[in-house]
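So the sequence shown is numbered by UniProt numbering: it starts at 1 and just counts up by one.
Ideal placement from N, C-alpha and C gives every residue a C-beta, glycine not left out.
Contents: one structure, followed by commentary.
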Amino acid sequence: MKIRGVIRSDDGLYTCTASSEGGDTQVWGHITVEFKPSFEEQLYKELWSWKQQPVNLTCLATSIPNATIQWYLRNEEISANDQNLQVLSISPLGVLRVNPVTTSYFGDYTCEATNRLGIAKMSLELKEAHAPGPISNAKVEKKTATTVTWSIIDPMDDGGLPIQGYVVEYRLQDLSWDDSKSSYWTKGSSYTLDGLKPQETYIFRFAARSEVGDGEWSSEKSELMPRRAAPEEPLIFNVDKPVTEIPYPDQYRLHWQVPLDNGEKIDFFQIIYYQVHNVSGTWENAGTKTTRQVEHPGETTYTIENLRSNSYYRIELRAHNEIGFSTPAEAVIKTANGPNAEEAMKSDLGIGIIVAIVVIAVLIIAVVVDVTCFCTNNAGLTAAVLRKRGAKDKDKEAMLEDGKNASADTLNEESTDETKTIDEKPIPEKELQKPSEKKVETKSEKETDDILEENGQMKPQKEDGIKPEQQAPEEKIKDTTEPTETTPMIQGDKDDKEAILKEEQKDKEQEKLKKSESKSSMTKDSPV
């Protein structure tokens, strides 16, 4: 393998692998890429010292092979005999300790790194720092009966190092600075003094502070504290917009900062909230006001509940002390949309499935327990149902037996009556007038005439002639079609049935008499 145009990233461990049917073998090798020195990893190029404090100048040279370090002050090589300049390290990290007893030790230092591939140089500046200058701009931003808040601007001269904060001294007008009090504020914080006395005059002075120390005092400022009053306005957190949209549809967690009490301790906070709607850019009341009270000292949070989703609410927060209420801190919030229909449906469906599963499980357990009780002790719901059913079946069987016996007797009586009626029933006149019966009568008259021919001697009757006995089956069939006591035509009560049967019996007797008379007349006319 041959690498052309080698760069620093080619440096590293390489593996050579040989493979054959017999197996694999590997060999490792390392390639080192050499390069001239550089200061690419140097962290700073200037340092500060004050009040003759010693400082270490450091330069980090990166190279392969390692470079040696040489120091220069204002382009002159450091003398080994100067006790205020000591070389602590020369490769690869160069460290020079400087003890700036005089201003001549401040200035530009050069760090030179050398190896066989080249040379690299880097400049470092050692500066002398001092305390910040005096503060010329300090103004009262806010004042209460017991507190004062200041607005402070950095001095024009910071002394070479960043301002870390401010020192304030204050005293009553009648006292000296020996009896003063002091306080320190980190830069960027609230510059507020508390614990002051109402209606008293105080004297204030300020100084900036850096790593070097405190600067000069500013000019004195006198302030008369006001009398006691109601608390200051509280601060509601996380409501920096005209309308704050919250992530919840029905509740809001209110969080506030306790304000200054203005000489009297705060005893509670009052929370008022109500629904509003926007009319031409103005929030107007659209609901009933609800008031809550939070005791103090105590929690500085309160959860407002039972809000309507997708609605606007105005919140008013007031602090209270013996003097009265503070001015209200106000906020307008918008609640989130409630769960949509699909989610509600899914939720209801899920609850329904759970309830169904529970009900089914309870039913299965109840059935198993009941069957177990039935099999082991012949007890339970199943046993009770079977016992009741068995009793009902027995009652039905008894009723059926009684019914069968009664029906059998009734049928026997009816069949006997029908048989008698059919045998004794005469042929009605209407039936004798039917075509089929007339035909039979005609034939019989013709046969009678044939018998009387030839000197009054009778001829033998034809075999196909219809005998009187052949009419009996037709009469029986016709008679059975007439209504009887057992036919469904009669739907009356028992008395009606008896009356109808009596009339039928009379009709049958009359028909029987007519039939007997007709037979007797035929017998008289016969030559026999």
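Between the CA atoms of residue j and residue i - distance to the nearest angstrom
| i | j | result |
| --- | --- | --- |
| Ser-176 | Thr-103 | 39 Å |
| Thr-372 | Arg-387 | 17 Å |
| Ala-336 | Ala-286 | 18 Å |
| Arg-314 | Asn-306 | 14 Å |
| Asn-56 | Tyr-44 | 12 Å |
| Ile-304 | Gly-213 | 50 Å |
| Gln-275 | Tyr-166 | 46 Å |
| Glu-264 | Pro-297 | 13 Å |
| Leu-13 | Thr-32 | 9 Å |
| Asn-278 | Lys-181 | 52 Å |
| Val-140 | Arg-205 | 12 Å |
| Asn-377 | Ala-366 | 16 Å |
| Asp-24 | His-30 | 20 Å |
| Ser-136 | Ser-222 | 15 Å |
| Leu-96 | Ala-131 | 26 Å |
| Gln-270 | Glu-295 | 9 Å |
| Asp-154 | Tyr-184 | 15 Å |
| Thr-17 | Gly-5 | 24 Å |
| Gly-492 | Lys-506 | In this prediction, Gly-492 scores a pLDDT of 47, lower than 50, which makes its location untrustworthy; the coordinate-derived value is nonetheless stated afterwards. Distance between the alpha carbons of Gly-492 and Lys-506: 20 Å. |
| Asp-174 | Thr-201 | 9 Å |
Residue i (DSSP reduced to helix, strand or coil)
| i | result |
| --- | --- |
| Phe-374 | helix |
| Tyr-105 | helix |
| Pro-483 | Note that Pro-483 scores a pLDDT of 46, beneath 50, so its modelled location is shaky; the value from the coordinates is reported in the next line. Coil, per DSSP. |
| Ile-353 | helix |
| Val-9 | The displayed chain sequence assigns Ser, not Val, to residue 9. Note: Ser-9 maps to helix in three-state DSSP. |
| Trp-177 | helix |
| Arg-308 | coil |
| Thr-382 | helix |
| Val-367 | helix |
| Gln-83 | coil |
| Asp-507 | helix |
| Val-359 | helix |
| Arg-4 | coil |
| Ile-500 | helix |
| Arg-387 | helix |
| Ser-280 | coil |
| Leu-513 | helix |
| Lys-51 | coil |
| Thr-17 | strand |
| Pro-162 | coil |
| Trp-217 | coil |
| His-30 | strand |
| Arg-318 | strand |
| Val-243 | coil |
| Asn-66 | coil |
| residue 536 | With the chain running from 1 to 528 in the structure shown, residue 536 is simply not present. |
Counted within 10 angstroms of its Cβ, other Cβ atoms place residue i as buried (16 or more) or exposed
| i | result |
| --- | --- |
| Lys-508 | buried |
| Ile-3 | exposed |
| Gly-215 | buried |
| Ala-499 | exposed |
| Glu-511 | buried |
| Ser-63 | buried |
| Asp-179 | exposed |
| Val-168 | buried |
| Ser-516 | exposed |
| Leu-126 | buried |
| Leu-513 | exposed |
| Ser-326 | buried |
| Trp-28 | exposed |
CB-CB length for residue i against residue j, believed under 8 Å
| i | j | result |
| --- | --- | --- |
| Pro-226 | Thr-144 | 7 Å |
| Thr-110 | Ser-123 | 6 Å |
| Leu-85 | Val-98 | 6 Å |
| Ala-61 | Phe-39 | 6 Å |
| Ser-309 | Gly-338 | 4 Å |
| Pro-198 | Ala-319 | The Cβ separation is near 17 Å, so there is no contact. |
CB of residue i within 9 Å of CB of residue j, strictly
| i | j | result |
| --- | --- | --- |
| Asp-158 | Ser-210 | yes |
| Trp-48 | Gly-160 | yes |
| Thr-147 | Tyr-191 | no |
| Glu-245 | Ile-163 | no |
| Asp-240 | Asn-321 | no |
| Cys-59 | Leu-93 | yes |
| Asn-262 | Ile-323 | yes |
| Pro-37 | Ile-119 | yes |
| Ile-236 | Ala-329 | yes |
| Leu-172 | Leu-254 | no |
| Glu-299 | Pro-259 | no |
| Glu-112 | Ile-69 | yes |
Closer than 8 Å: residue i CB and nearest the ligand FMN heavy atom
| i | result |
| --- | --- |
| Thr-244 | Ligands displayed in this structure: none; no statement on the ligand FMN is therefore possible. |
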